[in-house]
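Below is one structure, written out as structure tokens; comments come after it.
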Amino acid sequence: MLYRSTNNQSPLVDFEQATIMGLAPDKGLYFPEKIPTLPSAFIRNIKSSSREDICFAVIKPFTGSSLPDETLYQIVSETVNFPIPLVKVEEDIYALELFHGPTMAFKDVGARFMSRCLGYFNRNNQNKLTVLVATSGDTGGAVASGFHNVEGIDVVILYPKGKVSKFQELQLTTFGGNVSALAVEGTFDQCQSMVKQAFADQELRHQKELTSANSINIARWLPQQFYYFFACQQWEFDQPPVFCVPSGNYGNICAGMMAFRTGLPVSHFVAACNANQAVKLYLDSGTYQSQQTVPTISNAMDVGDPSNFIRILELFEKEYSQVKKNLSAFTFSDAETSAILKSVYERTGYLMDTHGAVGYLGLQKYLSENTGVKGIFLETAHPLKFSNVVEPIIGATIPISPEAELLFSRDQLMETIPATYPALKDFLLAS
Ligand SMILES: *Cc1c(COP(=O)(O)O)cnc(C)c1O
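Residues are numbered in the numbering used here as their position in the sequence shown, beginning at 1, plus a constant of 314.
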């Protein structure tokens with residue numbers, strides 16, 4: 315399998331090279347040159363297949379000869395070593411719970427897969443590879459957890475000091491070992507700009523091998539297909555489900571659409587968005603325009619210019635009519651999100667986080683306009699992760715899980731640095 319750049323100005327590369335490079339030299343995103351087709355017997359037999367076998371069959375055409383079968387099987391087994399249950403919330407509405415992994419959000423799946431791939435690709439390298447990321451909260455935790463103890467790789471995470479939740483900070487700072495957390499005295503944008511300067515600094519890069527664990531990396535994007543197949547495995551009806559995905563950068567939904575193009579039976583996709591609605595505006599008008607980012611209570615979805623949108627276009631040969639046929643988008647306000655979170659909790663006892671609540675709203679809206687279908691919304695994070703927002707909405711305390719309790723008992727290790735590039739460079743050269 316070879317990958318081309320969505321800008322079409324870069325050479326074709328294999329899975330290994332695309333993973334290591336992240337972004338193509340022409341600044342495009344990597345995309346499979348040809349979309350594979352799964353054997354129809356695979357879907358017919360999915361209910362009796364093991365989760366590991368499903369993942370292996372799904373991802374093998376994409377990784378090609380970059381990973382030996384045995385290694386790939388080991389990697390996918392470690393990637394999905396936690397439950398991903400499909401739970402009935404109400405008549406016709408199901409939740410696919412993606413928050414049972416180590417950092418309680420769906421980004422664990424992509425981060426665990428990518429970290430293990432990079433560890434393998436770097437196996438014969440005498441030099442350590444340093445993964446450098448800036449985070450506003452969720453991504454850093456998944457990356458830290460995914461790469462913790464991966465041989466040959468160091469992780470350096472920059473986060474804006476005092477601007478992530480306590481829970482998120484604990485997830486960044488309690489690993490230690492090969493994971494270093496830098497509390498930057500500045501904003502997330504400053505953290506991001508410091509990381510960009512490091513990647514552009516040729517002098518530094520001669521001394522340190524750097525890579526990013528950006529969400530556009532194919533090794534984070536493609537394994538997100540796995541749980542759409544797990545949903546299909548647990549689906550009990552003849553008619554395929556509608557999938558509603560709370561979306562920010564559109565990597566998650568775009569992975570589901572890739573699964574659909576390879577043969578997964580899906581009735582329709584719905585992108586549920588908060589006030590950040592660039593894709594909805596595209597579907598309404600046929601023209602795409604990036605928007606200013608608007609802050610909301612589902613802040614992991616606060617993206618004004620979603621990077622993966624281009625991949626959705628590629629999946630449908632850039633045909634607006636085809637995109638529209640398979641994808642709908644709805645936008646919801648914070649007030650609507652809070653109200654549904656509270657009312658579903660009071661009516662059914664099911665507690666969603668704010669991102670899942672946007673997903674519920676999207677599915678509910680689609681079902682109200684299209685009778686006779688059932689659907690699944692992706693619950694992308696555990697409500698505990700956003701307890702500072704969820705608890706006031708429901709007027710109750712969310713019970714702490716044993717995993718969370720453990721997190722609060724651990725020691726934090728971080729270094730505080732000013733928001734300047736020389737401070738980051740000093741740290742990198744000293745470590
Ligand atoms: C990252 C994230 C999203 C958005 O996912 P995309 O793949 O960027 O669309 C939604 N919910 C939560 C909890 C997240 O962390």
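Glycine residues also receive a C-beta, built at the ideal position from the N, C-alpha and C atoms.
Note that the coordinates shown come from a computational prediction; the quantities given were computed from them, not determined experimentally.
In summary, Ile398 is buried, with 16 or more beta-carbon neighbours lying within 10 Å of its beta-carbon over all protein chains present. If you check the CB distance, Pro350 and Thr651 do not come in under 8 angstroms. Scanning Ala733, Ser599 and Leu412 for the CA closest to the CA of Gly424 turns up Leu412. Here Val493 is buried. Its C-beta has 16 or more other C-beta atoms within 10 Å. For the 8 angstroms CB-CB criterion, Leu665 and Pro697 form a contact.
The DSSP assignment places complete alpha helix (DSSP H) segments of no fewer than 4 residues inside the segment 576 to 649 at 592 to 599, 623 to 629 and 634 to 640, in order along the chain. Under the 8 angstroms Cβ criterion, the segment 576 to 585 counts as touching the segment 666 to 683, having at least three qualifying pairs. Secondary-structure assignment with DSSP links Ala448 through a beta bridge to Leu472. For Val464, the secondary structure class from DSSP, reduced to helix, strand or coil, is coil. By the C-beta density criterion, Pro416 is buried, having at least 16 other C-beta atoms within 10 angstroms.
The C-alpha of Asn588 lies about 15 angstroms from the C-alpha of Ile567. The beta carbons of Ala512 and Leu742 sit closer together than 8 angstroms.
Straight-line spacing of the CA atoms in Cys546 and Leu578 works out to 8 angstroms.
Taking the Cα positions, His520 is about 47 angstroms away from Phe356. Under DSSP, Ile654 takes part in no beta bridge, so it has no partner. Non-local beta-carbon contacts of Phe551 in its own chain, meaning distances under 7 angstroms to residues more than five positions away in sequence, involve Lys688 in chain order. The straight-line gap separating the alpha-carbon atoms of Thr449 and Gln440 is approximately 28 angstroms. Contact between the segment 322 to 342 and the segment 499 to 510 is absent, with fewer than three C-beta pairs closer than 8 angstroms. Ranked by how close their Cα comes to the Cα of Asn590, the residues Gln516, Ala614, Ser701 and Arg365 have Ala614 in first place. In the three-state DSSP reduction, Arg318 falls in the strand class (E or B). By the CB criterion at 8 angstroms, Gln606 and Ala569 fall outside the cutoff.
Segment contact: the segment 624 to 644 against the segment 597 to 604, three or more CB-CB distances shorter than 8 angstroms; contact assigned.
When C-alpha distances from Thr487 are compared across Arg661, Ala458 and Leu410, the shortest belongs to Ala458. Using a Cβ distance threshold of 8 angstroms, Thr444 and Ser529 do not count as a contacting pair.
Here the distance from the Cβ of Met315 to the nearest heavy atom of ligand 1 is not below 7 angstroms. In this structure Val608 is exposed. Its beta-carbon is surrounded by fewer than 16 other beta-carbon atoms within 10 angstroms. Under the three-state reduction of DSSP output, Thr730 falls in the strand class. Cβ neighbours of Lys522 within its own chain (closer than 8 angstroms, five residues either side excluded): Thr444, Leu742 and Leu743. Cβ neighbours of Glu717 within its own chain (closer than 8 angstroms, five residues either side excluded): Pro416 and Met418. Rounded to the nearest whole angstrom, the C-alpha separation of Met572 and Gly565 is 10 angstroms. Residue environment analysis places Thr711 among the exposed positions, since fewer than 16 neighbouring C-beta atoms fall within 10 angstroms of its C-beta.
Looking only at Val703, Ser745 and Leu692, the smallest Cα-Cα distance to His414 is reached by Leu692. The beta carbon of Thr694 sits closer than 7 angstroms to at least one heavy atom of ligand 1. In the three-state reduction of the DSSP assignment, Lys348 falls in the coil class, being assigned neither a helical nor a strand state.
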